[in-house]
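Working notes for the structure below.
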Amino acid sequence: MKKFLVRSSAAAFAALVLALSGCGGGGGGDVVTPPPDGGTPPPPAASVAQALATAGAQASNDTSVNSTASFAVLQQNGVPAFTIASPAKVNFAVFSDGKPVSSVALGSVSFAIAKLVPGSNGDPDKWVSYVYRTEVATATVGPNGAAVLPQALQATTDPKQSDATLAAGQLVYNPDGYYTYTFRTDLKDPAWTATSGTTKYSTNGVAFEPNRTHRVAIQLSYKNAAGELVRVNPYFDFTVGADGKSVASTARKMVDIATCNNCHDKLALHGGGRVDTQYCVMCHNTGTTDANSGNVLTLSTMVHKIHAGRLLHEQGENYTIWGNSNSKHDYSEVGFPQPIRNCVACHDGANPKTPQGDNWKSVPSKEACLSCHQTGTTSGFYATHVTTLKLGASAAAIGNSTCASCHGPSSPLSADKVHWVQELANTANYEAKIESVSLKKAATATATGLLSVKYAIVNPKTGAAYDLREGCSGAATTDSAGTSIVGCNTNYRWDAVFPPAVPGKPQDKFGTFTVYVATETLAGVTLDDVTASASYAAYRGVADATGRYTADVTIPAGSKGNARVMIIGSVAERRLDAVTRNPIGAVPPTQNSDLAYVPVKNAIKDVNIATGANSSTPRRAIVSNDSCNNCHAFLGVPMSSQTVGFHKGVRNNADGCAICHNANQAGSYTLMADGSTAPVVGDSLTSIPNAATSSFLHESYQAKRFVHGIHYVAKRNYPFTHCMKLGGEYNKDGTSKTAGAPSIGVATCADQYPGETLNFTAEVAYPGALKSCSNCHVNDSWKQDKSVLGTVVFKPTGKTNMLDWMVLSPKVATCTTCHDAKSVQTHVKNIGGGAFGNFTQNDLLYGGKVFEACEGCHAPGTALGVDKAHAYK
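Using mature numbering (1 follows the signal peptide of the UniProt record, and there is no 0), the letters of the sequence shown map in sequence onto residues -19 to -1, 1 to 854.
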């Protein structure tokens, strides 16, 4: 099946915490070793102390936010950040809370150093470390129960001195406000070796080349004035002058850690101390190999393979690394939460912090490219490059010198061309606009009303509106609201040839656009989606000469307060070849791959039902669509290796999800996986087996419930699913907790993949910090659930009045999505006074039987407030 959910890379990256034991430590420590007699470096000029004090007072130089000031301030004031006589030394400062920090101990630092070797013969530039350790593999640990290599070299950090006296002088604090660290490794000796415990270190024959660009980087931890532990990776790029002192320079930077943290909050690997990709490359370069798997752990290869794990799995490769204590890290279920071909998600040449951000398209290499493109003998790559073009006896034998001729920046198959994502790139061509809303007829307690909505789909580059009826034919009809509907022949307007025989005739359709109105009623939301046409691709409304359309939408009887009007839709473009941009989809289309569903961001307007004017009290902003798109690029585009995005791109705005995914959205064919039941028997949703005698609660697809349920799966006790028809308690992997009972995978839904339930808990791993609610929520909205309606989870047989449906009370519905243990359910009912499927909507709203007392203990500012439980920095 085509899985449209992602097991994303926070779990994958967190797993790397133990992947390379040789990268060293760097924990805390409060003891500062005084400099030994005769070991103090020559005193700096008197002005250095003043310069450091001045620099430390500037918030922009704080080491927690500035990766280079630790070195640059010294370098600019006559103290070289790096010197190499015998041995090599590093001078650095630590700034926090407006002043230099003097309490960093040796146990709080680890140093890595490498040189940048320019590429030749098509090879990219590469970092080469000076310090290595030898990993000895356990013979029985590896693919198919055997290590690929008996041992392997791994780049690592400078080892601490074993001798206590020498260790006492390895890190000293100078009274002017900076530290001097002395390397144990003799960087000038290619034959240097040392042993610490059972670990062997060496320079592995690497020659010191002073004229090369170098980088020294620190794994550093310290405490700020508030007592908080700060973990950072300051680094400094330089060459070495004839006097053995550093000369500041710049090195290649292709990824900015802030880009990674769009999804990952704050990458914190190998125990939490590795937090910057500029540090990662110090060890993760061509000198590092996992002996158990035989995989080279160059950062470009490793990170690409981790994020493409599911794609590689579909191609027959399971990317796996064995780490510390033989821990296995299998990344074959990792999926990227946006199109895998969207390279600019991580590599952006327009970012001044990544001047080499466009290397992905200007310097093609097998180290990067073959991390996503599988190269086995049955792969397309092998067939083209080995069998047909005969570029080498195997994929591994093909050199980078041959890549640029076909895939260089000006070549016909350049990387930026073949990685073009039609659904994402063409979102820039469309914009939905609600230009006005007016009241045509007021609703009363017994009669419906009408809102008149004027809208358009425009090209935001030109402002011109598209003709949504271009090429259409068919008699006009009207819906229940009196809106004119015009159908199109076969729903498509494409010529069978390209370019089109009729100049200017579009090669796409605009038929999936719908006008919704959502009003505040007991049902939570009432929709009028103007669907009284036999053609799904009908074109709504009365058109004027400027391409604007006016549609009348129904206001349900009894509605009052505010309404939300929304235009939803996507443009179903004919599939184009990524390189030639010529159409390749069949006409008419026969399968989803013939089409590219380009999302058009949903347009939303809140209005007052009584007047039609803009609402003076619009719904509060709860989440940010931009936050969603930090990971998803554009909601509705295909994720990972998908062909089609969710809802085919039609629904793509977080603010609009709640219009359909409202409090009454009890999954008609999805039961809760924890076995919870209602106090009544007989389920009116007959898609459930044995509905007449069932009392199992349904899972709700209210927006707040299902979005939390999908993203928070790692901490749940029970799986969050779609299309789970079998009642009972289930493990997170979908197996039943009851011996002999079937797994949830045997359930089927007519509108889902045959024979399979979607188990989000087994499929998804949220890449950020689960407790950091502000990743998605804005304006502290997460601190208080202001919902009024209960979340429907059971509709008893014969009960058509919404007041008679069983509900979760508002706060319970939110919190138990993530905190789903049975003990929590007992707590929210018996102590919190909430409802968990044991009371009706009427009991909650009017019966006086439900009173959520959650705020007494968990309101912000209280001892057990949600602001404390979800505090995250």
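Glycine included, each C-beta is placed from N, C-alpha and C at the ideal position.
What you are looking at is a predicted structure, and each value in this text was computed from that prediction instead of being measured.
- prompt: Where does M787 fall in DSSP's three states?
  reply: Secondary structure of M787 (DSSP, three-state): strand.
- request: Taking I415 and Y447 to be in contact with their CB atoms under 8 Å, please state how far apart those CB atoms are, rounded to whole angstroms.
  value: Contact between I415 and Y447 does not hold, since the beta-carbon distance rounds to 15 Å and is not under 8 Å.
Nonlocal neighbours in the same chain, by C-beta distance under 7 Å from Q646, ignoring five residues either side: S681, Y682 and Q683
task: Give me the Cα-Cα distance between W401 and E314, rounded to the nearest whole angstrom.
output: 24 Å
message: Taking 8 Å as the cut-off, does the region 641 to 656 touch the region 610 to 625 (at least 3 CB pairs, one atom from each stretch)?
response: In short, these stretches do not touch, since the Cβ pair count stays below three.
query: What first and last residue would you give for the beta strand (DSSP E) that runs through T163?
result: Counting along the chain, the beta strand (DSSP E) containing T163 begins and ends at Y159 to T163.
field: Top-ranked residue by Cα proximity to T535, from Q806, I590 and G648
entry: I590
Identity of the residues DSSP links to A773 by a beta bridge: Note on residue identity: the sequence assigns Val, not Ala, to residue 773. Paired residues: V788.
message: Is it buried or exposed, T231, if we count other Cβ atoms within 10 angstroms and call 16 or more buried?
response: By the neighbour-count criterion, in which 16 or more other beta carbons inside 10 Å mark a residue as buried, T231 falls on the exposed side.
field: Beta-carbon proximity of residue 855 to V197, cut-off 7 Å
entry: Beyond the ends of the chain as shown, which are -19 and 854, falls residue 855; an answer cannot be given.
query: Between the region 809 to 827 and the region 788 to 795, are three or more C-beta pairs nearer than 8 Å?
result: Touching, yes, given that three or more Cβ pairs across the two stretches are closer than 8 Å.
query: Which word fits Y530, buried or exposed, when buried means at least 16 other C-beta atoms lie within 10 angstroms of its C-beta?
result: buried
task: Return the residue from the list T667, A326, N712 and T742 that minimises the CA-CA distance to T702.
output: T742
- prompt: Is the region 744 to 762 in contact with the region 246 to 253, if contact means three or more CB pairs nearer than 8 Å?
  reply: Enough Cβ pairs lie closer than 8 Å, so yes.
query: Could you give the residue range of the beta strand (DSSP E) that holds E554?
result: S551 to R555
task: Let me know if G485 comes out buried or exposed under the rule of 16 or more other beta-carbons within 10 Å of its beta-carbon.
output: Reliability fails at G485, whose pLDDT of 38 lies under 50, so the model's placement of it is uncertain and the value that follows must be treated cautiously. With fewer than 16 other Cβ atoms within 10 Å, it is exposed.
message: With H, G and I counted as helix, E and B as strand and the rest as coil, what does DSSP make of N155?
response: strand
message: Tell me which residues share the same chain as D182 and place their Cβ nearer than 6 Å to its Cβ, disregarding the 5 neighbours each side in the sequence.
response: Correcting the residue identity first, residue 182 is Tyr in this sequence and not Asp. Excluding positions up to five away in sequence, the list reads R114, P140 and A175.
- prompt: Is the beta carbon of N633 less than 7 Å from the beta carbon of D587?
  reply: no
message: For a minimum of 4 consecutive residues, which ranges assigned as the alpha helix (DSSP H) are wholly contained in the region 39 to 106?
response: Complete alpha helix (DSSP H) runs here, min 4: 50 to 57.
message: Between P68, K204, G225 and G150, which has its C-alpha nearest P61's C-alpha?
response: Residue G225 is the option with its Cα nearest to P61.
task: Less than 8 Å between the CB atoms is what I'm expecting for F310 and I321, so what's the real figure, rounded?
output: Residue identity check: residue 310 is His in the sequence provided, not Phe. A Cβ-Cβ separation of about 20 Å leaves H310 out of contact with I321 under the 8 Å criterion.
task: Compute the beta-carbon to beta-carbon distance between K347 and K234, rounded to the nearest angstrom, for a pair I have assumed lies under 8 Å.
output: About 22 Å separates the two Cβ atoms, so there is no contact after all.
message: Looking at chain C, is there any beta carbon in it that lies within less than 7 Å of the beta carbon of N381?
response: Of the protein chains in the structure, only one exists, and it is not chain C.
query: Would DSSP call Y699 helix, strand or coil?
result: coil
query: Which residues share a DSSP beta bridge with P564?
result: L557
task: Please confirm if the region 147 to 155 is in contact with the region 123 to 131, defined as three or more CB-CB distances below 8 Å between the two stretches.
output: no
Host alpha helix (DSSP H) of Q683 (start-end): Careful: Q683 lies outside any alpha helix (DSSP H) and carries neither H nor E.
- prompt: From S465 to D533, what distance separates their C-alpha atoms?
  reply: With a pLDDT of only 45 at S465, under the threshold of 50, the placement of this residue in the model should not be trusted; the figure read from the coordinates follows. Near 9 Å, if we compare the C-alpha coordinates of D533 and S465.
- request: Please check the pair L432 and V546, which I expect to be a contact at CB under 8 Å, by giving their CB distance rounded to whole angstroms.
  value: Between V546 and L432 the Cβ distance is about 7 Å, and since that is below 8 Å, they are a contact.
- prompt: Nearest CA to the CA of A409: which residue from G304, I565, D575 and V581?
  reply: Checking every option, the nearest Cα to that of A409 belongs to V581.
task: Please confirm whether A538 and T429 have their CB atoms less than 7 Å apart.
output: yes
task: Could you give the DSSP three-state label for R193: helix, strand or coil?
output: Reduced to three states, the DSSP call for R193 is coil.
- request: Pull up the DSSP beta-bridge partners for P580, would you.
  value: S551
message: If we require 4 or more residues per run, which alpha helix (DSSP H) segments fall completely within the region 787 to 832?
response: 791 to 799, 803 to 811 and 822 to 826
field: For N299, the nearest candidate out of A331, S352, P105 and V325 (CA to CA)
entry: S352
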